[in-house]
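A quick write-up on the structure given underneath.
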Amino acid sequence: MSEDVSIQIREAIQSAISENPVILFMKGTPDQPMCGFSARTVAILQSVGKPFAAVNILPDPRIRQELSGVSNWPTIPQLFIDGEFVGGCDIVTEMYESGELQTALGVEDATNGDSGQAAPEPAAQEPAPLTIENRL
Amino acid sequence: MAATDLPATPDELKQRIETGIPGATAAVTGDGHHFNAVVSASAFQGLSRIAQHRLVYDVFGAELGDRIHALSIQTQAPASTAPETENIA
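Chains Y and R, in that order, give the protein sequences.
Going by my numbering, the first residue of the first sequence is number -3, and it counts up by one from there.
Going by my numbering, the first residue of the second sequence is number 75, and it counts up by one from there.
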């Protein structure tokens, strides 16, 4: 029985990843992150100004368990771009600082000079968070 | 493993990383719960950043999130001047 639920959760995670060009699995929500690493990753994505879907993994421990099975990655947060696992907070931070993240997100315009001042227009302020729990 | 009941220390993490990953040198800081590891290893050569971090996570397995509450990682292959990048796009 619980096996079925786990499979359902895994399938919901997989379709969320494939349906959302940018999706962050995190502890808490973008408005109320429940962990410093999730908060930092949200702040980076918001400063890049690319809308992203967010899934709170806290409501059910099986979400995290199945997610780690999908990504083969033990920690939270986890960022996926175009269906590909990109990394957690450390990697996202490094990629942001080097400009790779902006390139991967297709918002490289503002950082062409790469003077270390990667501060794109903070226009998009509606990230439209998506919750996976509703579909389980 | 021994020492699983004791609190984790930066020194323990450093030694386990250096023992567990071929050619690794690690600098680890931390307060017993949150740690930061800067790891350079010949084994990282040619690996994506994700794969490099996985090697470090694999040293600790299920202790991550539990005994080792949080571990930040920066990795580097020793010879490379530019950091390894993965093609994600």
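Ideal placement from N, C-alpha and C gives every residue a C-beta, glycine not left out.
If you're wondering where the values come from, they're calculated on a predicted model, not measured in any experiment.
In angstroms, rounded to a whole number, what distance separates the CA positions of residue i and residue j?
i                : j                 : result
Pro81 (chain R)  : Gln89 (chain R)   : 15 Å
Phe118 (chain R) : Gly45 (chain Y)   : 32 Å
Pro55 (chain Y)  : Gly24 (chain Y)   : 9 Å
Ile91 (chain R)  : Ala98 (chain R)   : 7 Å
His108 (chain R) : Ser14 (chain Y)   : 33 Å
Val113 (chain R) : Val103 (chain Y)  : 30 Å
Leu41 (chain Y)  : Pro47 (chain Y)   : 8 Å
Glu137 (chain R) : Ile77 (chain Y)   : 28 Å
Ser43 (chain Y)  : Asp105 (chain R)  : 30 Å
Pro26 (chain Y)  : Asn16 (chain Y)   : 16 Å
Ile95 (chain R)  : Gly120 (chain R)  : 15 Å
Tyr92 (chain Y)  : Cys85 (chain Y)   : 10 Å
Thr37 (chain Y)  : Arg123 (chain R)  : 17 Å
Leu87 (chain R)  : Ile142 (chain R)  : 9 Å
Pro29 (chain Y)  : Ala35 (chain Y)   : 5 Å
Gly139 (chain R) : Ala125 (chain R)  : 19 Å
Glu62 (chain Y)  : Leu20 (chain Y)   : 15 Å
Thr83 (chain R)  : Val51 (chain Y)   : 33 Å
Pro127 (chain R) : Thr93 (chain R)   : Correcting the residue identity first, residue 127 (chain R) is His in this sequence and not Pro. Each residue's alpha carbon lies about 16 Å from the other.
Cys31 (chain Y)  : Ala115 (chain R)  : 30 Å
Ala111 (chain R) : Pro152 (chain R)  : 15 Å
Ile53 (chain Y)  : Ser(-2) (chain Y) : 18 Å
Glu7 (chain Y)   : Met22 (chain Y)   : 18 Å
Gln150 (chain R) : Phe33 (chain Y)   : 21 Å
Ala100 (chain R) : Asp0 (chain Y)    : 42 Å
Glu90 (chain Y)  : Asp79 (chain R)   : 33 Å
Along the chain, where does the alpha helix (DSSP H) containing residue i start, and where does it finish?
i                : result
Val102 (chain R) : From DSSP, Val102 (chain R) is part of no alpha helix (DSSP H) but of the beta strand (DSSP E) over 98 to 104.
Ile53 (chain Y)  : Unbroken run through Ile53 (chain Y): none, as it is neither H nor E.
Gln119 (chain R) : Run containing Gln119 (chain R): none; DSSP gives neither H nor E here.
Thr93 (chain R)  : 84 to 94
Phe40 (chain Y)  : Sequence inspection shows Ile at residue 40 (chain Y); the Phe mentioned does not correspond to that position. 32 to 44 is the extent of the alpha helix (DSSP H) around Ile40 (chain Y).
Gln10 (chain Y)  : -2 to 15
Gln98 (chain Y)  : 96 to 100
For residue i, which residues of its own chain have a beta-carbon under 8 Å away from its beta-carbon, when the five flanking residues on both sides are left out?
i                : result
Asp85 (chain R)  : Val102
Gly79 (chain Y)  : Ile13, Ser14
Thr155 (chain R) : With a pLDDT of only 48 at Thr155 (chain R), under 50, the local geometry of the prediction cannot be trusted, and no value is derived from it.
Taking the beta strand (DSSP E) that residue i belongs to, which residues open and close that run?
i                : result
Glu80 (chain Y)  : 80 to 83
Leu80 (chain R)  : Where Leu80 (chain R) is concerned, there is no enclosing beta strand (DSSP E), given that its DSSP letter is neither H nor E.
Thr25 (chain Y)  : Here Thr25 (chain Y) belongs to no beta strand (DSSP E), and DSSP marks it neither H nor E.
Ala111 (chain R) : 108 to 115
Return the Cβ separation of residue i and residue j in integer angstroms, given the expectation that the two are a contact with Cβ distance under 8 Å.
i                : j                : result
Val88 (chain Y)  : Leu75 (chain Y)  : 5 Å
Ser2 (chain Y)   : Arg60 (chain Y)  : In fact, because the Cβ distance is near 12 Å, the residues do not count as touching under 8 Å.
Ala49 (chain Y)  : Val18 (chain Y)  : 7 Å
Val130 (chain R) : Ile147 (chain R) : 5 Å
Val66 (chain Y)  : Gln4 (chain Y)   : Incorrect: roughly 13 Å between the Cβ atoms, too far for contact.
Ser64 (chain Y)  : Pro70 (chain Y)  : 6 Å
Tell me which residues share the same chain as residue i and place their Cβ nearer than 6 Å to its Cβ, disregarding the 5 neighbours each side in the sequence.
i                : result
Val82 (chain Y)  : Leu75
Ala144 (chain R) : His108
Skipping 5 residues on each side, what residues in its chain have a beta carbon closer than 7 Å to that of residue i?
i                : result
Gly135 (chain R) : none
Asn68 (chain Y)  : none
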